[in-house]
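Presented below is the structure to which this report refers.
Residue numbers (the working numbering): 9 to 48.
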């Protein structure tokens with residue numbers, strides 16, 4: 009269980025960093041991808 013939580017925390021943290029670094033449209037595309045993965 010802890011591993012899953014850690015992985016999720018890393019994903020969220022990584023997404024925030026990526027969104028800061030990349031242009032907005034790229035960040036939007038990546039977050040859309042992540043949401044699709046979560047939905048599965």
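All residues carry an ideal CB built from backbone N, CA and C; glycine is no exception. Owing to the predicted nature of the structure, the values given are computational and were not obtained by experimental measurement.
Run through DSSP, which three-state label would residue i get?
i, result
"residue 46", "helix"
"residue 19", "helix"
"residue 41", "helix"
"residue 29", "helix"
Work out the CA separation of residue j and residue i for me, nearest whole Å.
i, j, result
"residue 46", "residue 29", "23 Å"
"residue 10", "residue 33", "33 Å"
Please confirm if the stretch 18-26 is in contact with the stretch 34-41, defined as three or more CB-CB distances below 8 Å between the two stretches. yes
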